[in-house]
Amino acid sequence: GKILVGTRNAEIIEVGEKNAACNILVNGHMDGPIWGLGAHPTRDVFLSAAEDGTVRLWDISER
Numbered sequence: 077g078k079i080l081v082g083t084r085n086a087e088i089i090e091v092g093e094k095n096a097a098c099n100i101l102v103n104g105h106m107d108g109p110i111w112g113l114g115a116h117p118t119r120d121v122f123l124s125a126a127e128d129g130t131v132r133l134w135d136i137s138e139r
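Under the numbering used here, residues 77 to 139 are what the sequence shown spells out, in order.
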């Protein structure tokens, strides 16, 4: 499994469970921190909400 982390620099990072390797998945919000993340339980998609007032749907199978 993987863990998604939102940063105050509007990046979303994927952290590996076993080796703690980090990959920046997206940096798609305009400004400010990520306020929320929600992952689908079976699909490679997640939602993010940020201080820029947007909610975005990401498909990580395309990354």
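All residues carry an ideal CB built from backbone N, CA and C; glycine is no exception. Please read these numbers as outputs of a predicted model, since none were measured by experiment.
Cβ neighbour criterion (16 or more within 10 Å) applied to residue i
| i | result |
| --- | --- |
| glycine 82 | buried |
| histidine 105 | buried |
| isoleucine 79 | exposed |
| tryptophan 111 | exposed |
| serine 137 | exposed |
| glycine 126 | Per the sequence shown, residue 126 should be read as alanine rather than glycine. Buried. |
Per-residue DSSP class, three states only, for residue i
| i | result |
| --- | --- |
| glutamate 87 | coil |
Per DSSP, cross-strand counterpart(s) of residue i
| i | result |
| --- | --- |
| isoleucine 79 | Val91 |
Pick from the options that is closest to residue i, judged by C-alpha positions
| i | options | result |
| --- | --- | --- |
| aspartate 107 | Gly92, Ser124, Asp128, His116 | Asp128 |
| arginine 119 | Pro109, Trp134, Ala97, Ala125 | Trp134 |
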